[in-house]
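Q:
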Amino acid sequence: MLALLKGRYRVRLAEGAGDLQAAQRLRWLAFIGRGSDSAGLDADEFDAICQHALVEETRSGQLVACFRILPFASGAEIGRSYSAQHYGLSKLGAFPGRMAEIGRFCIHPEHHDPDILRVAWGAVTRYVDQNGIELLFGCSSFTGTEPSGYEDAFAMLRQRHLAPDRWLPRIKAPDVFRFGRLLRRRTPDARAAMAAMPPLLRTYLLMGGWVSDHAVVDRELNTLHVFTGLEIRAIPPARAKLLRLVAG
524 MLALLKGRYR VRLAEGAGDL QAAQRLRWLA FIGRGSDSAG LDADEFDAIC
574 QHALVEETRS GQLVACFRIL PFASGAEIGR SYSAQHYGLS KLGAFPGRMA
624 EIGRFCIHPE HHDPDILRVA WGAVTRYVDQ NGIELLFGCS SFTGTEPSGY
674 EDAFAMLRQR HLAPDRWLPR IKAPDVFRFG RLLRRRTPDA RAAMAAMPPL
724 LRTYLLMGGW VSDHAVVDRE LNTLHVFTGL EIRAIPPARA KLLRLVAG
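Okay, so the sequence shown: first residue is 524 according to my numbering, each after it adds one.
So, in structure tokens, the structure goes:
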């Protein structure tokens with residue numbers, strides 16, 4: 524079970540078409556309809572095979588965040604993932620342990636409480652422990668399709684957080700920003716880099732996560748995203764302890 528109740532928020536799995544549509548509406552608002560008065564749904568073929576997690580305010584029941592999970596028995600199945608549409612993941616095909624793709628993670632743009640992300644990660648931690656997951660992966664998104672304004676963040680990713688060569692994703696998408704090559708001579712400003720880093724990606728990195736050496740330009744979702752991986756055994760013990768305190 525992924526269900527979790529902590530303070531002002533609860534996490535539960537979607538039940539039925541109404542819950543799924545609520546998640547799709549929030550995803551549309553977060554990724555596509557920023558600043559729009561209209562409403563739509565962000566939906567794709569992966570929704571039918573994923574579990575969908577909803578983060579809600581306990582008192583009001585309002586949906587404040589959501590994400591979806593797709594588990595795999597090993598890297599041999601990674602070609603079925605959403606990420607495999609955009610990245611060449613043949614190296615990760617050799618990963619021997621259980622994996623889970625965390626996708627479409629988003630927080631309602633009008634809600635900025637850091638506890639939302641903390642509780643969501645508590646639920647993910649519970650899922651990881653209960654299912655013996657050894658690798659989490661997915662796409663971490665920067666808003667917009669232009670790298671301008673994110674140069675320090677990408678330079679820091681190149682300098683400190685690239686995937687080990689044995690897992691490094693290859694270029695597959697037709698439109699990419701090759702920051703691993705283009706920003707080799709840029710020394711990142713650490714403060715500016717962290718300020719520009721998406722909160723989800725920042726959390727992955729604090730836990731020992733790594734990224735691809737290029738970002739995919741996704742014009743449909745109006746994002747630049749990097750493949751992100753996190754080997755569970757690499758999480759620093761102190762941080763793993765904090766996560767399990769939230770998950771407990």
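In this text, a Cβ means the ideal position worked out from N, Cα and C, and glycines have one as well.
(1) May I have the straight-line CA-CA distance separating E674 from T746, to the nearest angstrom?
(2) Pull up the distance between the alpha-carbon of M717 and that of G556, whole angstroms please.
(3) Do you know whose CA, among L753, A566 and L536, lies nearest L729's CA?
(4) Should V534 and A686 be called a contact, given that it needs their Cβ atoms to be closer than 8 Å?
(5) Report buried or exposed for G626, applying the criterion of at least 16 other Cβ atoms within 10 angstroms of its Cβ.
(6) Pop quiz: G530 and D638 are said to be a contact at Cβ under 8 Å. What is the actual Cβ separation, rounded to whole angstroms?
(7) Grouping DSSP H, G and I as helix and E and B as strand, with all else coil, what is K764?
(8) Taking the straight line between their C-alpha atoms, what separation do you get for Q682 and C629?
(9) Short check: CB of A526 to CB of L577, under 8 Å?
(10) With DSSP as the reference, please indicate the residues paired to T726 in a beta bridge.
A: Considering the structure as presented:
(1) 15 Å
(2) 25 Å
(3) L753
(4) no
(5) buried
(6) 6 Å
(7) helix
(8) 27 Å
(9) no
(10) BP columns for T726 are empty, so no partner.
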